[in-house]
Every structure is written in C-alpha cells, then in structure tokens.
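K.L.:
I'd like to ask some things about the structure below.
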Amino acid sequence: MYRAGLSIFLLLVSACAAQLKVRVLDPQSSVIAGAEVILLDGERSRDVQITSAQGLALLRGVGTGGYRLRVLAPGFSPQELGVSHEQAEITVKLHLATAAETVVVTGTRNPVPEEQAGASVSTLEGDQLSLMHPVSAADALRFLPGAVVNTQGQRGGLASLFVRGGDSRYNKVIIDGVSVNDPGGTFDFGVVPLQQTERVEFVHGAQSTLYGSDAMTSVVQAWTRTGTTLAPELRLGADGGNFNTADGYLSLAGARGRYDYDVFGDQLNTTGQGINDDYSNSSQGANLGLQINPSTLFRVRARHSNNRTGVSGEWKFNGQALEPPDSDQWARQNNLLASAELLLTGPSRWQHRLNGFEHQHKRVNVDTFSDPGRLFDFPTHAIAEVNRAGFDYQGNYLERSWAQSTFGYEFEDENGFTGDLNYPPIVHGLRRNQAAYGQQTVTVGKLAAILGMRFVHNTTFGNRAVPRIALAFEARKGGAILSGTRLRFSYATGIKEPRLEESFASGQGILPNPNLKAEENRAFEAGVQQRLLGGKYALDATYYNNLFRNQIDFAILDPVNFVGKYENIDKSMAHGAEVEFRGRPLSRLSLDLAYNYTSTQILEQPFAFDGLHQPGHPLLRRPKHSGSLLLNCIANRWGTNLGASLVGRRPDSDFLGFGINHAAGYARVDLGAWYALTSRVTAYVNVENALNRHYEEAVGYPALGANFRAGVRFRIGGE
7 MYRAGLSIFL
17 LLVSACAAQL
27 KVRVLDPQSS
37 VIAGAEVILL
47 DGERSRDVQI
57 TSAQGLALLR
67 GVGTGGYRLR
77 VLAPGFSPQE
87 LGVSHEQAEI
97 TVKLHLATAA
107 ETVVVTGTRN
117 PVPEEQAGAS
127 VSTLEGDQLS
137 LMHPVSAADA
147 LRFLPGAVVN
157 TQGQRGGLAS
167 LFVRGGDSRY
177 NKVIIDGVSV
187 NDPGGTFDFG
197 VVPLQQTERV
207 EFVHGAQSTL
217 YGSDAMTSVV
227 QAWTRTGTTL
237 APELRLGADG
247 GNFNTADGYL
257 SLAGARGRYD
267 YDVFGDQLNT
277 TGQGINDDYS
287 NSSQGANLGL
297 QINPSTLFRV
307 RARHSNNRTG
317 VSGEWKFNGQ
327 ALEPPDSDQW
337 ARQNNLLASA
347 ELLLTGPSRW
357 QHRLNGFEHQ
367 HKRVNVDTFS
377 DPGRLFDFPT
387 HAIAEVNRAG
397 FDYQGNYLER
407 SWAQSTFGYE
417 FEDENGFTGD
427 LNYPPIVHGL
437 RRNQAAYGQQ
447 TVTVGKLAAI
457 LGMRFVHNTT
467 FGNRAVPRIA
477 LAFEARKGGA
487 ILSGTRLRFS
497 YATGIKEPRL
507 EESFASGQGI
517 LPNPNLKAEE
527 NRAFEAGVQQ
537 RLLGGKYALD
547 ATYYNNLFRN
557 QIDFAILDPV
567 NFVGKYENID
577 KSMAHGAEVE
587 FRGRPLSRLS
597 LDLAYNYTST
607 QILEQPFAFD
617 GLHQPGHPLL
627 RRPKHSGSLL
637 LNCIANRWGT
647 NLGASLVGRR
657 PDSDFLGFGI
667 NHAAGYARVD
677 LGAWYALTSR
687 VTAYVNVENA
697 LNRHYEEAVG
707 YPALGANFRA
717 GVRFRIGGE
C-alpha cells in the first residue's frame, strides 16, 4: 500500500514537472503572438507550440535532463537556448533580426530563417508600414527589391506588379490566409489599404508547388495585427494634405483571458491633381481569436473595402497632351474577404491548420458619354462579380531538428459573372478545383534541401503535377569580415489558370474555349549570399531564367466578322539578375539597397497586332534596369524613412496610333517621419514624390506630383 501511494505521488509530481511555460517578448518587452516554440531533445523534437495572444506557449513532454528551446517569430532573429526539467517557466526576449536571419513564413509555409527559405524573400514590418503610411499596397511594394509597380493614373488607378519579367497576372496575393486574385490572376494593388497590417512578405520566383495557380513569378502575403494588450487599446488619428486629401482611422485591440481582438476602420478621400482624378476608399476589418485550450486556437478574420475612382484615362504621353482626359468615366470596387481558422498543435511534433474562406469581389467601370476629342471613347458599363470560397488543410510534422514535412489539401469554388451591360451577353463561369501538395525540408551538414510536389485538378485544364526543388549549401563559414558564404539553386514550375472570360467567353465575337491549358513557367535560379561583418550586412546576387509557355492570347478565326477565341499560342522568356545589399548597422537603423537587370523576349505571338508584339521584341512595361532603396531609422521617440524607386526606360504602347513605343525612366523618392509628443500622442508627416518628378509608370497616365500628408495619432489605454 505504501509503495502504491508513493508511486502515485511520484507520478503526479512527474506530471506537474512535465510542462514548461514559455513567454516570448520583443526587445521592448511587449508580448509576441504567433511565435513557434520548439522543445528539442538532442536532434529529436519533443513538442511544438504556438504562442497565444499573451505571448505564452505551454510545452509538454519535459522529462529529466537538459533540453534546447528554439523560438522562431516572423521579423525577428531565431533564438535557441538551453533549459532543464527543473524550470517550470521561462521568458525569452527576441532580438531584431540581422541582415540574413529574419524569420519568414511564405517561402516554406512555416517559420524559418530567410536564408533557409529556398527563395528570395523581402519583408515590410509593422513599424516600417507605420512610417510609410501608404495609401495603398502599391505605394509600399514599389520600394521592395525586384518589384516593378505600374499604376494607370493617380490615387486609385489600376496598379499592376511585374516581377522577373513575368506578366502582371503572375503574382499570387494572399491576405489573412485568403487568396484575393481574380480567377486567372488579375489583381489591383492600387485600391488595397494596409491599415492594421502587421507584416507583408514578398517572395520572388515560381511558388505554385505551395500556392497553386497565379504564383508564376511571385507571392505577396499580408497579415492583420493581433491584439495583445491586457487593457483595451484605442488608436485613432487623422491627417490631411494637398489635393484636398483627408484620411481618418481608428482601431480597438487587446487580449484578455482566452480572447483577443482587433477591430478597425479607415476613410480616405482626395480630389486628385487633375480632371476626374477623385478617389475615395472606405475600409473596415476585424481579427478575433479564441484560445480554446493551450493547444487549440480558433481565429476569425475579415476585411471589407468599398472604393470609387475617377478614371481620366490615358491622355498625356511622355509629357505631351495628345488628347483630353476622360471627364466622366468612373470605376467602383467592393471587396469582402473572410476566413475562419482552427489551429491544433499536437500530439507531440504535429501541427494542423484548417481554414475556411470566402472572397467576394465586385467591380464596375462606367463611361456615360464620348468626350469630344478623345479617340475610341464610347459608352461602357463593364461589370465583374466573382466569388471564391472553399477550405484548406495544412499539416506539419517536425521529425527532427533538421527535418520537417509539410502537406495539405485545398478545395475552392470559383463562381463569377463578367461582361458589359451595353454589349451583352453577360457570361457566367464556374470552376471547382482541388489540389494536394507535399514538401520535405532536410538539412544534412552544410546542405539544405527542399523538395515539393503539388497535384492539381482544375475544372478547365484538368490534372497537373507541379514540382519544385531548392538546394542551399554553406560553402564557407567565414570570419569577422567575410562571415559566411551560402550558395543556392532552385528549379520550379509555375502555373496560372485561364481567366473566366477566356474560358467561357465575354462579349460579342468571342467564342468560349473549354479546352484551354494552364499557362506555365519553367523557372530556375542560382545565387550566392555573402554575410559581412558578423552578419550585420548581407550581399545577395541571384540569376534567374523564366520560360513562359502556353500563354493565352486572342486568336482571330474570322477576320471579316472579327470572330475568334482565346488559345494557348504565345511563348516568351525572361532572364536577368537581382543584386541586393541589406543590413542593420545599428539596432534602430535598417538599410535595403537593390538593383535588378531584366531581359525579356517574345518567342511566339502569331496574332501580334503591331510591331511591338512581334517575336524578337521585348515584353511591354518590363524595364531592363531598375532599383530600389529603403532606409528606416526608428528610435524611442522618433522615426524617419526614405524610400526610392528607380525605373529605367521600358517598351510600352499608346495603343491609339500615336506611335508611342516607350515610357521614359523615372526616379521617385518618398519621405516619412514621426515624433512622439507624449507617450500617447504622435505627430507624423509623409511626402510622396518628394522631388516632384513628372513621369508615367504606364505610358499615357501621368503620375501624381509632389504631395504630402500631415497628421496626429492618439493612443488610449493599452499596457
């Protein structure tokens, strides 16, 4: 009886000692939500947990002896430390990342140091976004390495992203776990507000193995901030500037007990610089979390925006006003995204994510009458209503400290109507797509490998296998000056499904084509990363080569009546180099300087309608030379930011017969600064196009001149 009682007592003591509470903080001692905490016993992982909104993770499986604790949080340096079974609670304070150590997620779907992601990844953190205070995503992305942004007009103009010579539809865009591209890849970066965005990641290269259609040359992913303060924190502010610009915003965030919340809203209005250049955008959102138990988190996110843009059209070509602006055309978009995610950690080394999502997109473009003097100006009433809904599952299994498996399943329903009410019919398209994917990451000695495969079933193009392999080799550890050399290589396939109007037809004289194939990109890249001065700086150089096949173009079948359909008939290529120098010379100062060389060529385009589209010519709107600079300095009571985007001359067309065949190069410089008047009141100012350059990102559409916004924001409550 005595022995039995002693055994039960020892068992209870062991059970109590078998848990370790870990609190994760940032350098300012604020809690970090969403950090991955791994308990390692030698090379074997014992448990993996994700920190709650209070920054807490509860690890199980702690026996006798010593262990290692590894903490990975996006935007910070990875940290590893020793712990013993005698410790019941530990606090880990993370450090700001050095040049090559930043933890990123998008490259592998899991938090890893950037140098192990198998791809070039650029990031914008919350404090940088606060300094930049961008009106739209386009105003932030243009300063990232390798990003070429083309905006047709000024505030609210259609903004496209070109990466590594690819088309503007070759970028996968994900917000809070929801894909927000139109079917076929179309996305407008010019009307996407970034209020309460905690982080943006931009991955270069083909990533369709993990992200499916549209990830042909890049992936852009953004996350909404999570409330973490025990006391509710109310933030509100307003600013104004020239061109009758006014912006007001507020948010309420916090975390108490098992609940966390962040709800927010924003309203921006401006009349713009010229005729019919007005723009307004109203947005709202929420991020709500429920920690059901230490290993189970349920989270709901939603964002809504409603915007209206005056569309003056193309009228000024390389400084010459060759026709008057459109005085009456306007466009409106209404976007709603929502997701519900269940995160389960365990048993032991497992993680499971189940996510249900929906994205509704409506847009209208109306031109009521023909302006005198404008060519090809006629009444239109174009509409598009697209709904994308579905669910996905992702599982992670951490076998060892040097090996991890990731796998998942996706289902989505794409349902849309598109056309012009003045020129029926309105076309309805419906697709139900499925995909399964797997990825294995392994590190053996100095060699790290990522092997992945996706199997896709698409209603339009059928079944496809999409592979990817990425290798990284640590060639030299280095010393105090040359502090490590890493070589990397990757081969991947990118795919993009047809647009609904291409498969199902839209408009008079266009026939449907249910047999369209997916557009493809055969992509490979090779690069070297050199750390400098103990990792404070890093120099990256990458060569990339993309071969775009099965590109969709309109094929004329009856030239007399101008009847045709979309077919997979075009082919093109792009190759070039990216060079990036980045560093953190001081804890408060970060620098990112990049140069990009891109050479493109049309290989096949049988239905080219002018000389610029003939085989042998470069692709439109892809500059051969471009570069960027992003400099941030953030102290306790002040911060300042300088961003520069330099874009060289590039081929373009007026498409009106004026003979314009290029857009001139330009340099855009933006400045931002804030100063804390008190601990609760901050004054700030932002200046865009500070040098007041007159330029066109897309030929015919003059960019906004020098403009500024100045305002004050307040913080009430919070810890």
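Numbering (my numbering), first residue to last: 7 to 725. Heads up, the beta-carbon is just placed ideally off N, CA and C, and yes, glycines get one too.
(1) Does DSSP classify GLN25 as helix, strand or coil?
(2) Please name the residue in GLU480, LEU677, SER286 whose C-alpha comes closest to that of GLY316.
(3) For a minimum of 3 consecutive residues, which ranges assigned as the beta strand (DSSP E) are wholly contained in the stretch 143-203?
(4) Quick one: what's got a C-beta closer than 6 Å to SER58's C-beta in the same chain, skipping five residues either side?
(5) Can you tell me the Cα-Cα spacing of GLY163 and LEU26, whole angstroms?
(6) Leaving out five residues before and five after VAL534 in sequence, what residues of the same chain have Cβ atoms less than 6 Å from its Cβ?
(7) Along the chain, where does the alpha helix (DSSP H) containing MET138 start, and where does it finish?
(8) Does the beta-carbon of VAL462 have 16 or more other beta-carbons within 10 angstroms, so that it is buried, or is it exposed?
(9) Could you give the distance in angstroms between the alpha-carbon of ARG115 and the alpha-carbon of ASN361?
(10) Could you tell me which residues DSSP pairs with ARG686 in its beta bridges?
(11) Per DSSP, what are the beta-bridge partners of TRP644 in this structure?
(12) Where does SER407 sit, in a helix, a strand or coil, going by DSSP?
(13) Can you tell me whether ALA712 is buried or exposed? The criterion is at least 16 other CB atoms within 10 Å of its CB, across all chains shown.
(14) Beta-carbon within less than 7 Å of LEU636's beta-carbon, same chain only, minus the 5 sequence neighbours each way: which residues are those?
(15) What does the alpha-carbon distance come out to for the pair PHE270 and TRP408?
(16) TYR701 to LYS502, Cα distance in whole Å?
(17) In angstroms with no decimal places, state the Cα-to-Cα distance between ASP283 and SER411.
(18) For the 8 Å Cβ check, are there 3 or more pairs between the stretch 412-422 and the stretch 372-380?
(19) Check GLY617 in the structure and name its three-state DSSP category.
(20) Are the CB atoms of VAL225 and ILE180 within a distance shorter than 8 Å?
(21) Ordered along the chain, which non-local residues of its own chain (more than five positions away) have a Cβ less than 8 Å from that of LEU200?
(22) When the Cα atoms are used, what is the spatial distance from ALA709 to THR466?
(23) Could you tell me the distance, in whole angstroms, from the CA atom of PHE714 to the CA atom of ASN275?
(24) For the ligand FAD, is there a heavy atom less than 7 Å away from the beta-carbon of ASP253?
(25) Under 8 Å by Cβ, that's how I've got ILE38 and LEU31 pegged, so tell me the actual separation to the nearest angstrom.
(26) Could you round the C-beta distance between GLY263 and GLU239 to whole angstroms and report it? I think they count as a contact, below 8 Å.
(27) Since ARG369 and GLY278 should fall inside the 8 Å C-beta cutoff, what is the C-beta to C-beta distance between them, to a whole number of angstroms?
(28) What does the alpha-carbon distance come out to for the pair ARG241 and HIS668?
(29) According to DSSP, is GLU120 helix, strand or coil?
(30) Assuming VAL198 and LEU343 form a contact by the criterion Cβ under 8 Å, report the distance between their Cβ atoms to the nearest whole angstrom.
(31) LEU381 to LEU328, Cα distance in whole Å?
(32) Whose C-beta lies closer than 6 Å to the C-beta of GLN446 among residues of the same chain, with five residues either side of it excluded?
(33) Kindly indicate the opening and closing residues of the beta strand (DSSP E) around THR215.
(34) Taking buried to mean at least 16 other C-beta atoms within 10 Å of its own C-beta, is VAL569 buried or exposed?
(35) If distances are taken between C-alpha atoms only, which option among LYS483, LEU652, THR684 comes closest to ALA673?
(36) For LEU64, collect the residues of the same chain with a Cβ closer than 7 Å to its Cβ; drop the 5 residues on either side in sequence, then sort them by chain order.
P.N.:
If we stick to the structure as given:
(1) strand
(2) SER286
(3) The qualifying runs are 154-158, 164-168, 177-181.
(4) GLN297
(5) Separation of GLY163 and LEU26 (C-alpha to C-alpha, rounded to the nearest whole angstrom) is 52 Å.
(6) Result list for VAL534: LEU493, ALA547, in chain order.
(7) 132-138
(8) buried
(9) 14 Å
(10) Its beta-bridge partners do not exist; DSSP assigns none.
(11) Bridge partners of TRP644: TYR681.
(12) coil
(13) exposed
(14) PHE149, ASP598, GLY649
(15) 41 Å
(16) 32 Å
(17) 51 Å
(18) no
(19) helix
(20) Going by C-beta atoms, ILE180 is nearer than 8 Å to VAL225.
(21) LEU135, PRO140, SER142, ALA143, ALA146, VAL206, ALA228
(22) Just so you know, the alpha carbons of ALA709 and THR466 end up roughly 39 Å apart.
(23) 14 Å
(24) By its list of ligands, the structure shown contains no ligand whatsoever, and the ligand FAD lies outside what it can speak to.
(25) 6 Å
(26) About 16 Å separates the two Cβ atoms, so there is no contact after all.
(27) With 8 Å as the limit, ARG369 and GLY278 do not qualify as a contact, their Cβ atoms being about 19 Å apart.
(28) When rounded, the distance between both Cα atoms is 45 Å.
(29) helix
(30) That pair is no contact at about 11 Å.
(31) 10 Å
(32) SER411, LEU457
(33) Per DSSP, THR215 belongs to no beta strand (DSSP E); it is in the alpha helix (DSSP H), 214-217.
(34) exposed
(35) LEU652
(36) GLN25, LYS27, GLN55, PRO300
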